[in-house]
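Here is the structure we will look at, set down as structure tokens.
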Amino acid sequence: MKKFSYLLVLALCLGSYFSFSQSKKPLVVFVCGDHEYSGESTLPLLAKALETNYGFRTKILTSYPDQNAERDIPGLDALAEADLAVFFLRWRLLPADQVAKIEAYMKSGKPIMGFRTSTHSFNYPKGDPLEKFNGWAEQAFGAPPGWGGVSKHTHYGHNASTDASINPQAAKHPILTGVDPKFHVRSWLYRVLPDYPVKGTEWLLMGDAVDPDKPATTQPIAWTWKNQFNARVFFTTMGHPEDFTVEPFQRLIVNAIHWELGLKVPKKWPGKLEINVPYRGMVKSK
């Protein structure tokens, strides 16, 4: 009887330990809705790698019912529990209660990450009560506030691609651990200079346009920052689905996620991740 009681207590203690350990694993919440770049397909594969290789917990939130649905991303309550939020958005028209959850996360001071079209996450019409959120990317990521306009944020043509290279001044940054000094991605280069990224950002990678449709200059394509809410920020203007097949890009993102969470960047790399999503472009909903 005593032996049974001992085993029961031991089992209960072990159960509590494992439950506690599970709750301590970082939770990364991915928020997707970008029309064009299949973030709702690439980011779940990245999330799976984070769970399998590094023991993270992840949650994927996507526009409903598909990537073209601009007015609903169910489940944004999960941001309240997130240790890191990763955004891949484009021209959403979310209702005020959903935007409030995104804003609350931004103001929490917890780390935040963004991909490509998250520079223009929202597209409210002039006079809309939520119009100010069209410039959300500047507050959140130090990125241009929206597309075109005063910032003249644009790109160098859909037939172009980008040669990426490490900024020598940032070569020792932990996020660049094991990342090739030069690599190529399919993303056509975004123009963010001369006014962005904002002052205080650290430029990790620079990009040069290959086969641009207009005269092009070297641009920052990945940077870190500490925003006004004291949050660690990582942003990249890359994010075309073919970029996710490129091993240096994969390692860059995995490293950035660790760094944002205040964790040591892994010195060992498990090898190329299986993230193979074809470029869909803009398609009509069925």
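Note that this note's numbering has the sequence shown beginning at 1, numbered continuously upward.
Backbone N, C-alpha and C fix where the C-beta goes; we use that ideal spot for every residue, glycine too.
- Pairwise C-beta distances place the region 192 to 203 in contact with the region 212 to 223, as three or more of them are shorter than 8 Å.
- Here L76 carries a helix assignment [DSSP, helix/strand/coil].
- A distance below 6 Å between beta-carbons, with the five flanking residues on each side excluded, links R116 to the following residues of its chain, in chain order: T237 and G239.
- Around the CB of P174, fewer than 16 other CB atoms lie within 10 Å, so the residue is classed as exposed.
- Residues of the same chain with a CB within less than 6 Å of the CB of P266, apart from the 5 flanking positions on each side, do not exist.
- F88 is a Cβ neighbour of G39, given a cutoff of 7 Å.
- DSSP lists G207 as the bridge partner or partners of Q219.
- Contact check between the region 90 to 98 and the region 202 to 217: fewer than three CB pairs, one atom from each, fall below 8 Å, which does not count as touching.
- Within the DSSP bridge table, the entry for L61 names V31 as partners.
- Looking from the CA of H153, the closest CA among A160, E138, A164 and S161 belongs to E138.
- Taken in chain order, the whole alpha helix (DSSP H) runs of length 4 or more contained in the region 109 to 169 are 136 to 141.
- Per DSSP, the beta-bridge partners of F183 are A164.
- For the options N123, A85, Y124 and K182, the alpha carbon positioned closest to that of Y105 is the one of A85.
- Relative to R57, the option among L252, Y279 and L261 whose CA is nearest is L261.
- Rounded to whole angstroms, the gap between the alpha carbons of K286 and C32 is 19 Å.
- Cβ-Cβ distances below 6 Å link N123 to W91 in the same chain, with the five nearest sequence neighbours on each side left out; the list follows chain order.
- Comparing alpha carbon positions, the residue from S187, T177 and V233 closest to P197 is V233.
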